[in-house]
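Worksheet: the structure to be examined is printed underneath.
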Amino acid sequence: MASKASPSSRLVFCLLISAAILRPGLGWYTVNSAYGDTIIMPCRLDVPQNLMFGKWKYEKPDGSPVFIAFRSSTKKSVQYDDVPEYKDRLSLSENYTLSISNAKISDEKRFVCMLVTEDNVFEAPTVVKVFKQPSKPEIISKAPFLETEQLKKLGVCISKDSYPDGNITWYRNGKVLSPLEGAVVIIFKKEMDPVTQLYTMTSSLEYKTSKADVQMPFTCSVTYYGPNGQKTIHSEQAVFDIYYPTEQVTIQVLPPKTAIKEGDNITLKCMGNGNPPPEEFLFYLPGQLEGIRSSNTYTLTDVRRNATGDYRCSLMDKKSMTASTAITVHYLDLSLNPSGEVTKQLGDALPVSCTISASRNATVVWMKDNIRLRSSPSFSSLHYQDAGNYVCETALQEVEGLKKRESLTLIVEGKPQIKMTKKTDPSGLSKTIICHVEGFPKPAIQWTITGSGSVINQTEESPYINGRYYSKIIISPEENVTLTCTAENQLERTVNSLNVSAISIPEHDEADEISDENREKVNDQAKLIVGIVVGLLLAALVAGVVYWLYMKKSKTASKHVNKDLGNMEENKKLEENNHKTEA
47 MASKASPSSR LVFCLLISAA ILRPGLGWYT VNSAYGDTII MPCRLDVPQN
97 LMFGKWKYEK PDGSPVFIAF RSSTKKSVQY DDVPEYKDRL SLSENYTLSI
147 SNAKISDEKR FVCMLVTEDN VFEAPTVVKV FKQPSKPEII SKAPFLETEQ
197 LKKLGVCISK DSYPDGNITW YRNGKVLSPL EGAVVIIFKK EMDPVTQLYT
247 MTSSLEYKTS KADVQMPFTC SVTYYGPNGQ KTIHSEQAVF DIYYPTEQVT
297 IQVLPPKTAI KEGDNITLKC MGNGNPPPEE FLFYLPGQLE GIRSSNTYTL
347 TDVRRNATGD YRCSLMDKKS MTASTAITVH YLDLSLNPSG EVTKQLGDAL
397 PVSCTISASR NATVVWMKDN IRLRSSPSFS SLHYQDAGNY VCETALQEVE
447 GLKKRESLTL IVEGKPQIKM TKKTDPSGLS KTIICHVEGF PKPAIQWTIT
497 GSGSVINQTE ESPYINGRYY SKIIISPEEN VTLTCTAENQ LERTVNSLNV
547 SAISIPEHDE ADEISDENRE KVNDQAKLIV GIVVGLLLAA LVAGVVYWLY
597 MKKSKTASKH VNKDLGNMEE NKKLEENNHK TEA
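Mapping to my numbering: the sequence shown position 18 is 64, numbers consecutive.
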């Protein structure tokens, strides 16, 4: 069990030491320890057989000894001297190895192991070195921004609690920054805490930036010595906002469009490539020498065609640095003449024109009652079927949303016209009388029996199409009657009568009115017949030419031909006279 040595025993021991014959000790031995660890110092002496005791001391700066531990070889007891800085920190083993817990900077001393015999004292010195790893370096006092071509303090790299002191190095993008006059200024400082004896190192960096430093990482490191040699710790990266002047101005139109049309709102945006970007610009409109001061945007609302031209913008303080863009405002004008609701009379002529004025070629489409027409309408003589709603529509294909349309509502009016027909049923039991009426507005039809004035209400009417329709009655008269058909609209009242014989008296039927649909069919058939006839005439002509060439060889044959031709002309004239007579 360890106990403290009494003052008398220490005095006796000192006297013994002073009287002893000193022998040369071993060479210097160094023990490296990390701050806070346990320092272990072997005695490094062979224990002699006649050993009395062992003892450890350290030497003050002035060389005077301070004894700290004692161990007897016979009693196996350990005594620790009353040294405050080593209170409860010492441990001396049986082989005289001394351990000091919680290593401190103040433990850096020259310790000596002493083995004492009756006639000699053996010593083995040990030098203790204590190392403290510094804290991870940190860049503090960072500049909020750096300006190009200006030497400015970038920041301070700091690393604390180091022993011994370390060295700080600055890096730009991983490469070491060395002092350079007017461009790189590094000031290194170190301070020691008088209590802990630990060092704090700082290094301030003044740096002259350029645009190449944009997004460039800066770091620093601390290099220090530890128990196992030299080591380096790096800081986190720091990226700085680099301010640089505008070197180029650009202008753009918002929102981005392939084409601008009248009525659009457009915004001009001017930008400079400096950092920070310029906040104000001068905008120049087409034909204007003075610029309009604005933020980086200038808006034009409801643009017209006269807004077409070159637009420019420049810096406020450097008007020579400009950017320009050309803007074309597309337009489309349509003029329909006549337009709106137009009322014309049957048979009138009506010229119609749709005039287009546009910034580029436009497409024109005509519609009638929502059906596309093949060509623009033109009326030399109006018919009822020409009435309807006409629309002239135009558009610029390359300009989205640029369309114009105007409409013409054509009304074709006409006085009522009547044609009456009659037809006997094949059974001979009834007769069908039809009153065909044409006119617009739609005429009202009324049937009466002439003489008696009776009104016939049991009629059958067809649909009213293209200004035409008919009213039909079926009768079986026992005696001759005269029927009257009256058609009336806002323009006129028209009356027509038809004599109808009794059902027992046979009579000639009137031809029925040809409907528009049937008329078109007849026209198609007539066209087909005309085509066939023209083809036959061409074939006959070819045959005649061949025959004439053949007969030219014979005069006799030629005379006969001429004679036959004369007879044919006479026959033809006779036939024409007969036709005229029949007519």
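Even for Gly, the Cβ is constructed at its ideal location relative to N, Cα and C.
Under the three-pair Cβ rule at 8 Å, the stretch 451–464 counts as touching the stretch 386–396. Close CB contacts of Glu193 within its chain, under the 6 Å cut and outside five residues either way in sequence, are with Tyr289 (chain order). Within the stretch 215–284, the complete beta strand (DSSP E) segments at least 3 residues long are 230–238, 245–254, 263–272 and 275–280, listed from N- to C-terminus. When rounded, the separation of the alpha-carbon atoms in Thr172 and Pro107 is 15 Å.
When DSSP reads this structure, Asn545 sits in a beta bridge with Thr528. Looking at the backbone, the Cα of Ala80 and that of Pro273 are separated by about 6 Å. Ile151 carries a helical assignment under DSSP once its states are collapsed to helix, strand and coil.
In the three-state DSSP reduction, Asn166 falls in the coil class, being neither helix nor strand.
The three-state reading of DSSP puts Glu131 in helix, counting H, G and I together.
Excluding five sequence positions before and after Ser547, the CB atoms of its chain that fall closer than 6 Å to its own CB belong to Asn526 and Glu553, given in chain order. In the three-state DSSP reduction, Gln391 falls in the strand class (E or B). Boundaries of the beta strand (DSSP E) around Phe99: Leu97 to Glu105. Between Tyr330 and Arg350, the C-beta spacing is not below 9 Å.
At the C-beta level, Arg358 and Ile297 come within 9 Å of one another.
Per DSSP, reduced to three states, the secondary structure at Gln294 is coil, with no helix or strand assignment. In the displayed model, Ala189 falls within coil according to three-state DSSP, outside both helix and strand. With the rule of 3 Cβ pairs closer than 8 Å, the stretch 399–409 counts as touching the stretch 437–454. For the pair of segments examined, the stretch 232–248 was found to touch the stretch 209–219: the number of CB pairs separated by less than 8 Å reaches three. When Cβ pairs closer than 8 Å are counted between the two stretches, the stretch 280–288 is seen to touch the stretch 253–266, the count reaching three or more. Nearest Cα to Cys481 within the set Tyr75, Met466, Ile233 and Ile86: Met466.
Tyr344 and Ser187 have their C-alpha atoms roughly 40 Å apart.
Here the stretch 193–207 makes no contact with the stretch 295–315; the two share fewer than three CB pairs at distances below 8 Å. Our two residues, Gln492 and Val501, have alpha carbons roughly 7 Å apart in a direct line. Under the 8 Å Cβ criterion, the stretch 148–157 does not count as touching the stretch 212–229, having fewer than three qualifying pairs. If you draw a straight line from the Cα of Gln179 to the Cα of Ser118, it is about 39 Å long.
Across the set Lys364, Ser421, Ala115 and Arg451, the C-alpha of Ala115 shows the shortest separation from the C-alpha of Lys133. Per the DSSP secondary-structure output, Leu346 pairs in a beta bridge with Ile312. Ile519 is the residue among Ile519, Ser550, Gln536 and Ser224 whose C-alpha sits nearest the C-alpha of Leu544. In the same chain as Ala533, and ignoring 5 residues on each side of it, the C-beta atoms closer than 6 Å to its own belong to Pro462, Ile464, Val483, Pro489, Ile491 and Thr540, in chain order. Counting the other Cβ atoms within 10 Å of the Cβ of Thr528 gives fewer than 16, which makes it exposed.
Taking the Cα positions, Asp432 is about 41 Å away from Thr374.
One Cα belongs to Asp310, the other to Tyr430, and the distance between them is close to 43 Å. In the structure shown, the three-state DSSP call for Asp287 is coil. In the displayed model, Asn352 falls within a helix according to three-state DSSP. With a threshold of 16 other beta carbon atoms within 10 Å, Lys221 falls short and is exposed. As computed with DSSP, Thr120 is found in no beta bridge at all.
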